[in-house]
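Here is the structure we will look at, set down as structure tokens.
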Amino acid sequence: NNKSIHVGGKLYILSGGTFDSSGDKIDHTVGALDMDSFSTFIGSSQSTLIVTSQSNGLALNILGNFTGNGGTVEVRTPVDAHVNIQPSQGSISNLIINATAIIEWEGNTQISNDLTIKSGIFRPNVGGNTLTVGGDVTVSGGTLGGNGASGAWSFGSLTLSSGTLSATSGTLTITGESGSGYAVDLDNAFNNNSGTLKITTSSDTNIDITPTTGGVYNLVIDASGHTITSIDSAVLGNNLTVQAGTFEITNDLTVNATTINAGGVFNISNGATFTMKNILTLNGAFNLINGNAIDVNLSSTKFNLNNAVNVSLHTIPNIPSDPYGWHNIGKYVNLTSCGVSSTVDLNITYLDSDLGDVQESTLVMYEYNEGTSTWSQVSNSGLNTATNHVWANGITSFSIYAPLGETPNHAPVINSIDLRNATGSKLNSNSLLDVNKEYYFLINITDLDGWEDINYINITAWYDNGNDSSLYNQTKGGNLNMFLQYKNTTGTAHYNMLWPSTEVTKGSLVETIVNSTTREIKLYFTPRSQVRYAPGDGAWDTTNNATNDPYSWNVNISVTDNGSGNTWTKSEYGIYRYTSISVSQDWVGVSAKPGENDVSNTVTITYSSNYDYNISIWFFENLQNQTTGDTIPIAGNVYLLASADPNDDINADTTFAGIGEANAVDIFNDSGSFPANGTSQTVNVQFKVYIPYGTMHGFYRANVGVKIDQDP
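If you count the sequence shown from 1, you need to add 169 to reach our numbering.
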């Protein structure tokens with residue numbers, strides 16, 4: 170136990186053989202170690218097996234059962250050599266490379282405890298070989314890696330105090346920490362070879378990823394439930410990914426792109442500055458406990474967060490609608506407080522191409538209140554057009570922030586109009602309107618400044634009386650003009666009929682929101698009995714935005730906004746003829762002796778006509794005694810009294826020449842012109858009856874006909 174073994178050549182343990190140094194307290198030296206598959210080596214925690222040379226190119230060829238017992242194997246060869254550490258059972262506890270040559274490991278190599286590189290080069294003989302070290306890896310001289318290493322490496326910890334580490338282009342995983350409290354401590358040359366450094370420790374730990382030359386390329390934090398703290402200033406060659414756990418920087422860190430997965434937390438503290446060169450993908454937590462985030466690019470928004478205290482950054486769940494009169498440029502930042510006394514200075518960067526129609530000089534910072542769904546302008550904010558950013562300092566209220574600006578006023582656009590009912594369109598069509606039936610104007614309008622910009626939709630319609638150049642209300646009358654209005658000046662839409670008061674009945678308003686700038690409006694109305702008949706010229710020219718069919722109703726639809734925007738369009742439609750007539754009661758009350766006469770009661774006739782008309786009256790038969798059948802002839806005995814109504818065309822008492830419509834008397838003829846106002850008219854009619862001598866006593870009766878005709 171107190172004597173060392175020195176073998177100048179190879180220590181060769183054959184199958185079935187055993188080399189047992191378990192009780193030794195002194196080092197042994199061999200030229201090379203060669204173990205057959207069924208051989209055994211038992212080491213000692215208090216001794217080191219020193220390998221000084223090689224045999225057939227192999228310094229170590231371990232194929233048997235290797236029990237390290239915490240001992241150490243140290244390779245000191247002065248010539249290039251390979252190590253083939255593939256024990257059938259067990260593993261090397263500790264391996265030291267202290268050579269003056271290149272030592273290459275073969276296959277997938279495992280060290281149960283520590284690996285130390287003091288001098289020489291330790292690298293894979295094939296790039297894809299893996300290296301797994303359960304304990305600490307320390308590079309205090311020489312070089313670890315190179316030769317196109319691309320396999321997976323896994324270390325308990327990594328300390329680079331001197332020498333060089335040429336990392337795998339694959340993934341180097343760190344599973345624990347050294348006695349110094351660091352999982353990774355890079356203080357010398359580190360060649361990343363575009364590989365990934367992944368931290369998966371099961372406890373809180375620190376990393377120092379600031380080598381004297383080179384630097385980490387990709388950094389992945391996957392330490393669920395634990396905090397990984399980056400101590401020194403660092404620059405990543407590429408990306409940072411926080412898959413799980415918390416990654417906290419207490420000094421400056423610059424990266425290309427960053428991904429924070431759900432369950433991952435990224436904290437910036439101790440006044441550190443985090444600088445990005447590309448895109449942030451945020452599904453976890455991004456917290457500025459005390460520090461700065463520069464050139465963050467999240468959801469196509471590039472911004473800086475300076476002088477931040479207890480502020481969290483989030484994605485935008487739903488982009489809110491713009492406030493009236495203001496327009497976004499597609500840039501939003503969502504901030505919340507994650508502690509007390511939270512504050513931050515925010516600036517959001519934009520490109521000239523982001524502005525669109527927004528006027529750059531009008532850009533200001535706005536904050537969105539999710540509780541009230543309203544925007545408000547941030548007081549301590551401003552615009553720097555030289556550097557293309559909008560800023561807001563000393564923010565203490567946290568929500569969604571966005572630069573908003575004004576655009577030149579856009580005039581509303583009338584996309585389409587129609588006048589219709591269930592049977593189809595009535596514009597420029599031989600399918601005319603029936604009075605006393607409901608129709609609606611259908612208008613589709615877009616205002617790029619938002620629907621709140623719309624003030625009025627005015628619909629004026631009038632009978633053109635054969636003149637296509639006529640205007641609304643040029644000829645007065647409730648049956649000749651109509652004015653419907655959609656009013657939106659208060660944010661609540663109202664439908665009003667400004668004219669007429671009785672000749673048209675206003676219906677309902679139906680409003681369909683297509684999107685934030687476009688709506689479809691339906692305004693219902695019913696033309697009543699005497700709205701002017703308008704046949705058109707029969708041809709109905711369908712040219713858009715024109716009134717070119719005489720004897721029609723012209724319609725003008727205009728839209729005005731809050732600014733100077735105004736747009737209009739016009740068209741035409743027709744109305745069918747209509748008449749109606751009714752008699753309120755029978756004519757009664759004539760009582761006289763033969764040879765005398767008497768007058769009847771006065772009866773009111775109510776009628777409607779939407780064109781020039783004629784009203785006539787006649788008797789179907791002579792007056793007949795309802796008991797005896799005797800008659801009183803109508804001819805020469807019955808008169809229509811002129812005094813019954815001063816407004817009719819009966820200027821003198823007029824006798825009937827006989828019975829039948831051929832002997833009708835006109836109540837209205839020349840004066841039966843279209844009424845410009847009202848839904849109906851009345852005329853009073855009274856008869857005088859002469860009773861001839863010899864007429865039998867009794868009750869006499871005859872049927873009367875009243876007719877209204879429109880002029881051709």
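Ideal placement from N, C-alpha and C gives every residue a C-beta, glycine not left out.
Cβ shell of N361 (< 7 angstroms), same chain only, five flanking positions each side left out: Within the same chain, N361 has close Cβ partners A336, G383, G384, V385, Y386 and G406.
Touch test, the stretch 631-640 against the stretch 605-620, Cβ-Cβ under 8 angstroms, three pairs minimum: A contact is defined here as three or more CB-CB pairs under 8 angstroms, and the stretch 631-640 fails this definition with respect to the stretch 605-620.
Residues near I583 in its chain [Cβ-Cβ closer than 7 angstroms; skip 5 each side]: Scanning its chain for C-beta atoms nearer than 7 angstroms, with the 5 sequence neighbours on each side dropped, one finds around I583 the residues I612, I614, I726, V728, T736 and T738, in chain order.
Closer than 6 angstroms: Y625 CB and nearest the ligand FAD heavy atom: With respect to the ligand FAD, the structure shown offers nothing to examine, as it has no ligands at all.
CB of S785 within 7 angstroms of CB of D835, strictly: The answer is yes: Cβ separation under 7 angstroms.
Q879 - partner residues in DSSP beta bridges: Note: Q879 sits in a beta bridge opposite Y782.
Distance between E273 and G296 (C-alpha atoms, nearest Å): Between G296 and E273, the C-alpha separation is close to 11 angstroms.
Assigned secondary structure, T419 (DSSP; H/G/I helix, E/B strand, else coil): The answer is coil: DSSP assigns T419 none of H, G, I, E or B.
Helix, strand or coil at T848 [DSSP, three-state]: Annotated three-state conformation of T848 is coil, per DSSP.
Where W495 sits in the DSSP three-state scheme: Looking at W495 - three-state DSSP - the assignment turns out to be coil, as it is neither helix nor strand.
Residue closest to I877, alpha-carbon to alpha-carbon, out of T748, T531, K500 and L451: By alpha-carbon distance to I877, the top candidate from T748, T531, K500 and L451 is T748.
Where P815 falls, given that 16 or more other Cβ within 10 Å makes a residue buried: Result: exposed.
Rounded straight-line distance, which links the Cα of P293 to that of G315: Between G315 and P293, the C-alpha separation is close to 7 angstroms.
Closest by C-alpha distance to A321, when choosing among G304, T333 and I343: The candidate whose alpha carbon is nearest that of A321 is I343.
Start-to-end residues for the beta strand (DSSP E) that takes in I828: Annotation: I828 is outside any beta strand (DSSP E) and is labelled neither H nor E by DSSP.
Identity of the residues DSSP links to Q279 by a beta bridge: Per DSSP, T301.
Identity of the residue in S566, A441, G433 and N234 nearest T450 by Cα: Among S566, A441, G433 and N234, the Cα nearest to that of T450 belongs to G433.
Strand pairing of W560, partner residues [DSSP]: Answer is N516 and G551.
Whole-angstrom distance between T681 and V772, CA atom to CA atom: In a straight line, the C-alpha of V772 is about 51 angstroms away from that of T681.
Under the three-state DSSP convention, the category W709 falls into: Here W709 sits in coil by DSSP.
Beta strand (DSSP E) runs wholly inside the stretch 629-705, at least 3 long, in chain order: Those beta strand (DSSP E) runs which fall completely within the stretch 629-705 and span 3+ residues are 650-656, 663-668, 673-682 and 687-696.
Buried versus exposed call for H496 [16 or more other C-beta atoms within 10 Å across all chains shown]: The C-beta of H496 has 16 or more other C-beta atoms within 10 Å across all chains shown, which makes the residue buried.
Segment contact, 8 angstroms Cβ cut-off, at least three pairs: the stretch 791-809 with the stretch 846-862: Contact between the stretch 791-809 and the stretch 846-862 is present: three or more C-beta pairs spanning the two stretches fall below 8 angstroms.
Cβ pair count under 8 angstroms reaching 3, the stretch 788-802 against the stretch 699-717: Segments in contact, no.
For R688, the nearest candidate out of E607, R589 and D622 (CA to CA): Ranking E607, R589 and D622 by CA distance to the CA of R688 puts D622 first.
Burial state of T484 (16 or more Cβ within 10 Å): Classification for T484: exposed.
Per DSSP, the bridge partner or partners of Q528: Beta-bridge partners assigned by DSSP to Q528: none are found.
Residue environment, I488, which counts as buried when at least 16 other CB atoms sit within 10 Å: By the 16-neighbour rule on beta-carbons within 10 angstroms, I488 is exposed.
Whole-angstrom distance between N436 and F455, CA atom to CA atom: One C-alpha to the other measures close to 6 angstroms.
Same chain, Cβ closer than 7 angstroms to S288, five either side skipped, listed in chain order: N267, A268, T269, G310 and G311.
Beta-carbon proximity of V700 to V852, cut-off 7 angstroms: No, they are not a contact pair.
Touching by the beta-carbon criterion (3+ pairs, under 8 angstroms), the stretch 585-597 and the stretch 538-546: Short answer: they don't touch.
Contact under 7 angstroms by Cβ, G237 with S262: Yes, the pair counts as a contact, with Cβ atoms nearer than the cut-off.
Outcome for N665 when other beta-carbon atoms lying within 10 angstroms are tallied against a minimum of 16: Looking at its Cβ environment, which holds fewer than 16 other Cβ atoms inside 10 Å, N665 is exposed.
Status (buried if at least 16 other CB within 10 Å, exposed otherwise) for S493: In the sequence under discussion, the amino acid at residue 493 is Tyr, which differs from the Ser named in the question. So Y493 counts as exposed.
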